[in-house]
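Take the working numbering: the final residue in the sequence shown is number 840, and no numbers are missing along the way.
One structure is given below, encoded as structure tokens.
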Amino acid sequence: MLNKMSTASALLGAVLLLSACGGGSGSSGQGPGQNVGPPWMDSLHHGALSVQHLGPTEVVIDWPMVDGITYDLYITAEQNTDPTNHGAYGATLIPDAQPPVQHAGLVPGEPVYAALGIDGELVAWTSFVPNVAGLNGAPRAQAVADDGVRFVGGNFTVVSPVVGFGAAFARTADAPHALAFPEVNGPVDAVLSDGEGGWFIGGRFTTIGGQSRARIAHMDHLGRVTDWNPGVTGSAVEALLLHDDVLYLGGQFSAVGGVPRQQLAAITRTGEVTAWGASVTGTASVAVRALALRDGLIYVGGNFNAAAGVPRQRLAAFDLEGALVDWAPGLDAQVFALLVHDGVLYVGGQFSQVDGASRGMLAAFNADGALTSWGTAATIGNPVKALAAYQGVIYIGGEFGTLTTGSGPGLGAMSTAGEILSWAPAPYGNTLGIDALAVRDGVIYAGGRQATGTQPAEPWPWMWAFDTSGASVPWAAGVNGPVNALAVDDTTVYAGGNFTGLRGVWRHRVAAFGPAGNLLPWAPVLTGGGTAAGHVNALATQGERIVIGGGFTHVNGALQPRLTAMERNGDLVSAPAFSDAIRSLAMVGDQLYAGGEFTVANNSHDQPDVVRERLARLNISASALTLADALPAVKEGAVTMMAAAGSTLYFGGSFTQVGVSTVPGLAAMEGGALLDWTSGLPGSLRALATGNGRLAVGYAAHGSAGMPSFLALYDGDGELVNTGLSLNQAVLALAADDTTLYLSGDFSQIRGDTPRSGLAAVSLYDGTPRPWQPVLDRRPDGLAVHEGTVYAIGEFKHAEGRVRAGMAAFDQAGNLLLR
Numbered sequence: 022m023l024n025k026m027s028t029a030s031a032l033l034g035a036v037l038l039l040s041a042c043g044g045g046s047g048s049s050g051q052g053p054g055q056n057v058g059p060p061w062m063d064s065l066h067h068g069a070l071s072v073q074h075l076g077p078t079e080v081v082i083d084w085p086m087v088d089g090i091t092y093d094l095y096i097t098a099e100q101n102t103d104p105t106n107h108g109a110y111g112a113t114l115i116p117d118a119q120p121p122v123q124h125a126g127l128v129p130g131e132p133v134y135a136a137l138g139i140d141g142e143l144v145a146w147t148s149f150v151p152n153v154a155g156l157n158g159a160p161r162a163q164a165v166a167d168d169g170v171r172f173v174g175g176n177f178t179v180v181s182p183v184v185g186f187g188a189a190f191a192r193t194a195d196a197p198h199a200l201a202f203p204e205v206n207g208p209v210d211a212v213l214s215d216g217e218g219g220w221f222i223g224g225r226f227t228t229i230g231g232q233s234r235a236r237i238a239h240m241d242h243l244g245r246v247t248d249w250n251p252g253v254t255g256s257a258v259e260a261l262l263l264h265d266d267v268l269y270l271g272g273q274f275s276a277v278g279g280v281p282r283q284q285l286a287a288i289t290r291t292g293e294v295t296a297w298g299a300s301v302t303g304t305a306s307v308a309v310r311a312l313a314l315r316d317g318l319i320y321v322g323g324n325f326n327a328a329a330g331v332p333r334q335r336l337a338a339f340d341l342e343g344a345l346v347d348w349a350p351g352l353d354a355q356v357f358a359l360l361v362h363d364g365v366l367y368v369g370g371q372f373s374q375v376d377g378a379s380r381g382m383l384a385a386f387n388a389d390g391a392l393t394s395w396g397t398a399a400t401i402g403n404p405v406k407a408l409a410a411y412q413g414v415i416y417i418g419g420e421f422g423t424l425t426t427g428s429g430p431g432l433g434a435m436s437t438a439g440e441i442l443s444w445a446p447a448p449y450g451n452t453l454g455i456d457a458l459a460v461r462d463g464v465i466y467a468g469g470r471q472a473t474g475t476q477p478a479e480p481w482p483w484m485w486a487f488d489t490s491g492a493s494v495p496w497a498a499g500v501n502g503p504v505n506a507l508a509v510d511d512t513t514v515y516a517g518g519n520f521t522g523l524r525g526v527w528r529h530r531v532a533a534f535g536p537a538g539n540l541l542p543w544a545p546v547l548t549g550g551g552t553a554a555g556h557v558n559a560l561a562t563q564g565e566r567i568v569i570g571g572g573f574t575h576v577n578g579a580l581q582p583r584l585t586a587m588e589r590n591g592d593l594v595s596a597p598a599f600s601d602a603i604r605s606l607a608m609v610g611d612q613l614y615a616g617g618e619f620t621v622a623n624n625s626h627d628q629p630d631v632v633r634e635r636l637a638r639l640n641i642s643a644s645a646l647t648l649a650d651a652l653p654a655v656k657e658g659a660v661t662m663m664a665a666a667g668s669t670l671y672f673g674g675s676f677t678q679v680g681v682s683t684v685p686g687l688a689a690m691e692g693g694a695l696l697d698w699t700s701g702l703p704g705s706l707r708a709l710a711t712g713n714g715r716l717a718v719g720y721a722a723h724g725s726a727g728m729p730s731f732l733a734l735y736d737g738d739g740e741l742v743n744t745g746l747s748l749n750q751a752v753l754a755l756a757a758d759d760t761t762l763y764l765s766g767d768f769s770q771i772r773g774d775t776p777r778s779g780l781a782a783v784s785l786y787d788g789t790p791r792p793w794q795p796v797l798d799r800r801p802d803g804l805a806v807h808e809g810t811v812y813a814i815g816e817f818k819h820a821e822g823r824v825r826a827g828m829a830a831f832d833q834a835g836n837l838l839l840r
């Protein structure tokens, strides 16, 4: 029989269990007859299954292997799959599975459920959502090879599976993947367990799992979005409190469920706004940031100077009928955290005084509401953002160093008597601040913000777990950005914040993705040049080789300033060094052209520099890139863009002179010789693209003397094409295939009768608008097109309503692709 685990012995690291009566060898590879129901309808994770994402369609599923044990692995897209009858649900059975198992063919964005069987007994199961990859920094360049492999470069360091702004993780040590919870499309600032395995979340989002939810939502214990949908009008929900089946919320809003409410509201579990009408007002950025309950009173902290129309300085209390109570301490700056423990109200924030008494970011009030001396032993110079308690210890998180003086991790602890304790763990990585704390069973979970700094073996997790001694607790979960809120129940930790993906893997300024969007193992390490200028600016492909240009100075630890070339297998190709940043690259025939800010270059470090003023040509051989004869010098500015049409190279930038010729910002050459051609454009060039011999130019200026504004199109003879387009703002990125020109910029129309919000497509021949118009929350900084797919890169976080972290792909109809 295939049963859920019952009486079992600890065999797989005390986590993955084997039935004591089931033996330990052999497997039929099929589920026998007894139907015990789908395990994922009880919980989304149990045991020691872990998942590593390789991309939107491929994962590795792993578990601790025990010699002599044979495993059956079930994989399904249906949560209600009964493994005893897996075939009826379209599930995959992998008999005699040996870990790790690499599994492909998944559907991006759709939940997947996996279970492990041993001798007819389910011993572990889990869930996850495969998704597209995202970046933790700004991409600046991309190139797509002939076989569809996409290279992306920029100022990022981590590539992560996109998960959205909230994620749920098992508390077990060996399950780093996020469970199959729905995607949240905006920052999550507050999380609260509903006491029944589900979660309330609040923040700045508008959808969850594709369903409209304005700044507040509820999920059940299986990660399903419930019908509970009051909706909040305003900026954000920042604090949540549950009492007697009523959810209290605070933040920055003016209405809840269509009922006027000022920064405070109460909602029943059925979604009805109650008559509780507490409110706070005043200050330019009025907000409620913390809530706590004590003896039938709701305590409210934040940034306000009036409550229910009565003066209250950043701290107030209301009874359960919504009436303001007389208690009125005055704080000189805002409150971020409230905690009630053993009848005492603890307060953390940015304040330095309470009722005129000195209090450095911490304060406490006894059961009578009187200010106590607690917190005075600490000398904190920066805000306290989070508080939690366990067995008489108050745990403190914030932007401070230690609770006394000097630098530290933003974590500390005090006894309820006010003694500073030695608990001060050091989170993995460089911590800028702790913004969230949660405690369960003696484990203290912390989340916050991190600096990049020195890069260790694994990317920063942005959240951690410690025991009461300060030692790290094994917990592999992590995300790729700031964590604003944490909550924990018996089995699960839910994290919300400004992140968009999971912890991910290092990719130092450049990464490669297969045609389906799966991250490839190709991973050169580009460093140096500083965080502001050391990024990758340009990419070019030549067969199995990728050429990379930018402001970096080292490649794989070796000195290689601003230009490098690498084969797909990771082998480095010898390349010249340049004095300053490379901003653009283009292949013309069998030669490579580089443009940028450089003035000299050399073929190797032991050779003398030669003059190459902002433009260089390189010869390509099987083993090296070498400098070719000098081209006409670009006398000032920089060459920031290039595009090739046959044997002609077009290059543009902030220059006005090439060689002895006056050329305002755009020039053409063939065979290294400058052509007698001028664009007639007013300057402020931003982008070039070529397709089928034609040239498109995007710029940030109105045309004059019969020239078009913001976009110009030239035919194969270099003659201006009259497109009839009338863009109203700059074009900043371009890409073209043989028939269509794709453009990105600040425009809101491309003709008087054709509105487009920053993205558009037109005919490459006469400028006729195409219907292609994807919607992103921020215009892309770069476009590329390959075999009908348009790739966008930039600092956007949303595309067509889905979370996307810097990369997106669209078909020719404008549909978002799952790659």
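Beta carbons: idealized from backbone N, C-alpha and C, even for Gly.
Note that the structure is predicted; figures quoted are calculated from it, not measured.
Bounding residues of the beta strand (DSSP E) (the contiguous stretch that carries residue 205): Here residue 205 refers to the residue found at position 184 of the sequence shown. From DSSP, residue 205 is part of no beta strand (DSSP E); its letter is neither H nor E.
Inter-residue spacing [alpha-carbon to alpha-carbon] between residue 387 and residue 393: The residue given as residue 387 occupies position 366 in the sequence shown. The residue given as residue 393 occupies position 372 in the sequence shown. Those two C-alpha atoms are separated by around 7 Å.
Residue 443 versus residue 432 - alpha carbon distance: Your numbering for residue 443 matches position 422 in the sequence shown. Your numbering for residue 432 matches position 411 in the sequence shown. If you take the alpha carbons of residue 443 and residue 432, they lie about 11 Å apart.
Boundaries (first-last residue) of the beta strand (DSSP E) holding residue 563: Position 542 of the sequence shown, counted from the start, is the residue given in the question as residue 563. DSSP places residue 563 in the uninterrupted beta strand (DSSP E) bounded by 557-563.
Reference residue 780, options 741, 836, 786, 743, closest by Cα: What you label residue 780 is simply residue 759 of the sequence shown in a count that begins at 1. When only C-alpha atoms are compared, the closest one is 836.
Distance, residue 217 Cα to residue 491 Cα: Position 470 of the sequence shown, counted from the first residue, corresponds to residue 491. Position 196 of the sequence shown, counted from the first residue, corresponds to residue 217. Going from the Cα of residue 491 to the Cα of residue 217 covers about 30 Å.
Enclosing beta strand (DSSP E) for residue 588 [first to last residue]: Translated into positions along the sequence shown, residue 588 becomes position 567. For residue 588, the uninterrupted beta strand (DSSP E) run begins and ends at 584-588, by DSSP.
Top-ranked residue by Cα proximity to residue 364, from 334, 315, 645: Indexing the sequence shown from 1 puts residue 364 at position 343. With distances taken between Cα atoms, residue 364 lies closest to 315.
Identity of the residues DSSP links to residue 670 by a beta bridge: Here residue 670 is taken as the residue at index 649 of the sequence shown, counted from 1. Answer by DSSP bridge pairing, in chain order: 665, 690.
Test item: CB-CB of residue 603 and residue 160 under 8 Å: In the sequence shown, residue 603 corresponds to position 582, counting from 1. In the sequence shown, residue 160 corresponds to position 139, counting from 1. In this structure, residue 160 does not lie closer than 8 Å to residue 603 by Cβ.
Cutoff 6 Å; reference residue 689; Cβ partners in own chain excluding five residues on either side: Position 668 of the sequence shown, counting from 1, holds the residue named residue 689. 669, 671, 696, 698.
DSSP beta-bridge partners of residue 379: On the sequence shown, position 358 is the one that residue 379 refers to. DSSP lists 374 as partners of residue 379.
The region 286-296 in contact with the region 257-270 per 3-pair CB rule at 8 Å: Touching, per the Cβ criterion.
Within 8 Å, strictly: CB atoms of residue 338 and residue 352: Mapped onto the sequence shown, residue 338 falls at position 317. Mapped onto the sequence shown, residue 352 falls at position 331. In terms of Cβ geometry, residue 338 and residue 352 do not form a close pair [threshold 8 Å].
C-beta contact flag for residue 93 and residue 59 at 8 Å: Numbered from 1 along the sequence shown, position 72 holds the residue referred to as residue 93. Numbered from 1 along the sequence shown, position 38 holds the residue referred to as residue 59. No, Cβ-Cβ distance for residue 93 and residue 59 is not below 8 Å.
Cα-Cα separation between residue 122 and residue 74, rounded to whole angstroms: Here the question's residue 122 lines up with position 101 in the sequence shown. Here the question's residue 74 lines up with position 53 in the sequence shown. Cα-Cα distance, rounded: 12 Å.
Closest by C-alpha distance to residue 439, when choosing among 399, 454, 277: Along the sequence shown, one-based indexing puts residue 439 at 418. It is 399.
Segment contact, 8 Å Cβ cut-off, at least three pairs: the region 674-690 with the region 621-634: Result no; under three Cβ-Cβ pairs closer than 8 Å.
For residue 220, the residue or residues it bridges with in DSSP: On the sequence shown, residue 220 is found 199 positions in, with the first residue counted as 1. Residue pairing for residue 220: DSSP places it in a beta bridge opposite 214, 240.
Residue 190: first and last residue of the uninterrupted beta strand (DSSP E) it sits in: Translated into positions along the sequence shown, residue 190 becomes position 169. For residue 190, the enclosing beta strand (DSSP E) stretches over residues 187-191.
Alpha carbon of residue 594 to alpha carbon of residue 621, nearest angstrom: Position 573 of the sequence shown, counting from 1, holds the residue named residue 594. Position 600 of the sequence shown, counting from 1, holds the residue named residue 621. In a straight line, the C-alpha of residue 594 is about 20 Å away from that of residue 621.
Cross-strand partners of residue 436 (DSSP beta bridge): Your numbering for residue 436 matches position 415 in the sequence shown. Partner(s): 414.
C-beta atoms of residue 710 and residue 717 nearer than 8 Å: On the sequence shown, residue 710 is found 689 positions in, with the first residue counted as 1. On the sequence shown, residue 717 is found 696 positions in, with the first residue counted as 1. Going by C-beta atoms, residue 710 is nearer than 8 Å to residue 717.
Between the CA atoms of residue 610 and residue 596 - distance to the nearest angstrom: In the sequence shown, counting from the first residue as 1, residue 596 sits at position 575. In the sequence shown, counting from the first residue as 1, residue 610 sits at position 589. Cα to Cα, the separation comes out at about 18 Å.
Beta-carbon proximity check, residue 70 vs residue 135, cutoff 8 Å: Mapped onto the sequence shown, residue 70 falls at position 49. Mapped onto the sequence shown, residue 135 falls at position 114. Yes, the Cβ-Cβ distance between residue 70 and residue 135 is below 8 Å.
Alpha-carbon spacing of residue 42 relative to residue 126, whole angstroms: Here residue 42 refers to the residue found at position 21 of the sequence shown. Here residue 126 refers to the residue found at position 105 of the sequence shown. Residue placement at residue 42 is poorly supported in this model, since its pLDDT is 28, which falls under 50; the coordinates still yield a value, given next. The alpha-carbon separation between residue 42 and residue 126 amounts to approximately 36 Å.
Backbone CA spacing between residue 653 and residue 601 [nearest angstrom]: One-based indexing of the sequence shown puts residue 653 at position 632. One-based indexing of the sequence shown puts residue 601 at position 580. Spanning the two alpha carbons is a distance of roughly 18 Å.
Uninterrupted beta strand (DSSP E) stretches inside the region 298-340 (no shorter than 3 residues): Taking only runs of at least 3 residues, the beta strand (DSSP E) segments lying wholly in the region 298-340 are 308-315, 318-324, 336-340.
The region 509-528 touching the region 197-215, judged by at least three CB pairs closer than 8 Å: They touch, by the three-pair rule.
Neighbourhood of residue 640 by C-beta, 6 Å cutoff - its chain only, sequence neighbours within 5 removed: The residue you call residue 640 lines up with position 619 of the sequence shown. Excluding residues within five positions, the ones whose Cβ falls inside 6 Å are 647, 649.
With 16 other Cβ atoms within 10 Å as the buried cut-off, status of residue 834: For the purposes of this step, residue 834 is taken as residue 813 along the sequence shown, with counting starting at 1. Looking at its Cβ environment, which holds fewer than 16 other Cβ atoms inside 10 Å, residue 834 is exposed.
Under the three-state DSSP convention, the category residue 711 falls into: Here residue 711 refers to the residue found at position 690 when the sequence shown is read from its first residue. Residue 711: strand per DSSP, three-state reduction.
Outcome for residue 281 when other beta-carbon atoms lying within 10 angstroms are tallied against a minimum of 16: The residue given as residue 281 occupies position 260 in the sequence shown. Exposed.
Nearest-angstrom Cα separation, counted from residue 484 out to residue 546: As a working note, residue 546 is residue 525 in the sequence shown. As a working note, residue 484 is residue 463 in the sequence shown. If you draw a straight line from the Cα of residue 546 to the Cα of residue 484, it is about 25 Å long.
Sub-8 Å separation of residue 414 and residue 357 beta-carbons: The sequence position of residue 414 within the sequence shown is 393, counting from 1. The sequence position of residue 357 within the sequence shown is 336, counting from 1. At a Cβ-Cβ threshold of 8 Å, residue 414 and residue 357 do not count as neighbours.
Pair within 8 Å by beta-carbon distance, residue 424 and residue 360: For the purposes of this step, residue 424 is identified with residue 403 of the sequence shown, where counting begins at 1. For the purposes of this step, residue 360 is identified with residue 339 of the sequence shown, where counting begins at 1. The Cβ atoms of residue 424 and residue 360 lie no closer than 8 Å to each other.
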